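What follows is one structure encoded as structure tokens, with my remarks underneath.
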Amino acid sequence: MAPPRGSMSCTSPRLVVVVVLLAAAAALGFGVRGGAAQLCDDYYDQTCPGVHRIVRRVVKKAHEVDARIYASLTRLHFHDCFVQGCDGSILLDNSSSIVSEKFAVPNNNSARGYPVVDDVKAALEEACPGVVSCADILALAAKISVELSGGPRWRVLFGRRDGTTANITAANNLPSPFDNLTTLQQKFGAVGLDDTDLVALSGEIKRPRLLINRCLVVILHEQRSMRDRSWLFNSLRDAGAHTFGRVQCQFVTARLYNFSGTNRPDPTLDRGYRAFLSLRCPRGGDGTALNDLDPTTPDTFDNNYYTNIEARRGTLQSDQELLSTPGAPTAAIVGRFAGSQKEFFKSFARSMINMGNIQVLTGSQGDVRKNCRVVNGG
């Protein structure tokens, strides 16, 4: 498996620092994949040494009043990085020059956590004004959210700059659970992620403990009250958010009763699990009824997402395609993660680092926004 992509040096905002990342990567048990952007883990050591403490404090405080915030913040990072890179573009509001990504189908009335990002930014501006980018805030908030939810730890690499544009067209084309495996591979490959990243980030987010049990994108299915079901259609567009959260019956009934227009069930679905789902989602029943995406351990951060897939108990078709697509190279990866939670955690951390390196702006590119919702001078 390829190691996480990183860089061997980075430039601090107020002083030039040349850093060798191999030692840091070795401490994590990772190598460094060449050709990535210039990011490093000690980027703010001199200019904002309290960045980790400040972000952790604000995120933990937010969780006291919003149990879903860990998942929400991680999802924001996923949605940011898959649209013109990790540049904080998802945070920009509509303006005379910006068509906000917040109103793309996968985000509208679904993506959340923006006020918490505002609170983090305000706290950082008070401590070290004009230093920490909004893109780096998203990366660190996601890492802290995963960690506080019981998931693996990794060192976040910093030095991203904020973009000055948004791309609602790209936001409308985020990886979807309705995509077949080939399409998912194409979308991940287009941003430099491989099959291991695809499988790891698919499980990452199913974190039943309100976060991403298998995180990413990276990103994703959030639990909401029974009164607020409109989120699900949008949330389902996130590839990989299937380790935690719930799914409405309307998104699984085709597998139960009319798979691919055959008037028969999906042959890859375990018969016992199909019977269970049929009781929960009867033909002609309430399409908004909810089911756990991970029926085995819906409140634990573990590798059961993958063991469920091996048992042909993936709730969504896109889950099962990782294993059941003929000749799929992802099948062996599913088997490896199902057999070793340690291997899954390690790969997940590596894939989060890889995702955090997608098309980042560094050096004099972009800007460091004073307000994450608007470009400077906007």
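Read left to right, the sequence shown gives residues -29 to -1, 1 to 349 (mature numbering (1 follows the signal peptide of the UniProt record, and there is no 0)).
Ideal Cβ placement from N, Cα and C applies to all residues, glycine included.
Keep in mind the model is a prediction, meaning the values are calculated, not measured.
Put simply, the backbone Cα of T45 is about 13 Å away from that of F319.
Apart from the 5 residues on each side of it in sequence, L294 sits with its Cβ closer than 6 Å to the Cβ of I280, A302, V305 in its chain, given in chain order. The count of Cβ pairs closer than 8 Å, one atom from the region 151 to 163 and one from the region 35 to 44, stays below three, leaving the stretches out of contact. Bridge partners of D338 according to DSSP: D133. When rounded, the separation of the alpha-carbon atoms in F308 and R321 is 14 Å. Burial state of K92 is buried, judged by a 10 Å Cβ sphere holding 16 or more other Cβ atoms. Annotation for E314: the continuous alpha helix (DSSP H) segment containing it runs 312 to 327. Taking C-alpha positions only, Q9 is separated from A110 by approximately 15 Å.
Nearest to P86 by C-alpha distance, out of N328, N342, G348, I25, is N342. Straight-line measurement puts the Cα of R131 at about 24 Å from the Cα of T167. Around the beta-carbon of K313, fewer than 16 other beta-carbon atoms lie within 10 Å, marking it exposed. In summary, N328 is buried, with 16 or more beta-carbon neighbours lying within 10 Å of its beta-carbon over all protein chains present. A residue is called buried when at least 16 other Cβ atoms come within 10 angstroms of its Cβ; T286 meets this threshold and is buried.
The DSSP-derived three-state label of Q157 is helix. Under the 8 Å Cβ criterion, the region 136 to 151 counts as touching the region 66 to 73, having at least three qualifying pairs. Excluding the 5 residues flanking it on each side, R83 has same chain C-beta neighbours closer than 7 Å at S43, in chain order. Per DSSP, the beta bridge partners of C11 are F129. With a contact defined as Cβ atoms closer than 8 Å, F53 and L172 miss out at about 10 Å. Counting the other Cβ atoms within 10 Å of the Cβ of V103 gives 16 or more, which makes it buried. Counting every other CB atom within 10 Å of its CB across the protein chains shown gives E97 a total below 16, marking it as exposed. For G134 and G59, the gap between their C-alpha atoms comes out near 6 Å. With contacts defined as CB atoms closer than 7 Å, C11 and L164 fail to qualify as a contacting pair.
Q330 carries a coil assignment under DSSP once its states are collapsed to helix, strand and coil. Taking C-alpha positions only, G121 is separated from Q219 by approximately 26 Å. In the three-state reduction of the DSSP assignment, Q55 falls in the coil class, being assigned neither a helical nor a strand state. For F247, the enclosing alpha helix (DSSP H) begins and ends at 242 to 251. For V346, the closest alpha carbon among the candidates I61, P297, H34 is that of I61. Following the DSSP letters along the chain, one finds A38 in no alpha helix (DSSP H), marked with neither H nor E.
With 16 or more other CB atoms across the displayed protein chains lying within 10 angstroms of its CB, G56 is buried. About 7 Å separates the Cβ atoms of L119 and K31, confirming a contact at the 8 Å cut-off.
In this structure, D290 is the residue among V339, D290, A299 with its C-alpha nearest to the C-alpha of D150.
Note that the C-beta distance between H48 and A113 is below 7 Å.
Restricting attention to R226, P123, T153, the CA atom closest to the CA of N274 is found in P123. Taking C-beta atoms as the reference points, V29 and D89 fail to come closer than 7 Å.
Put simply, the backbone Cα of T278 is about 12 Å away from that of F315.
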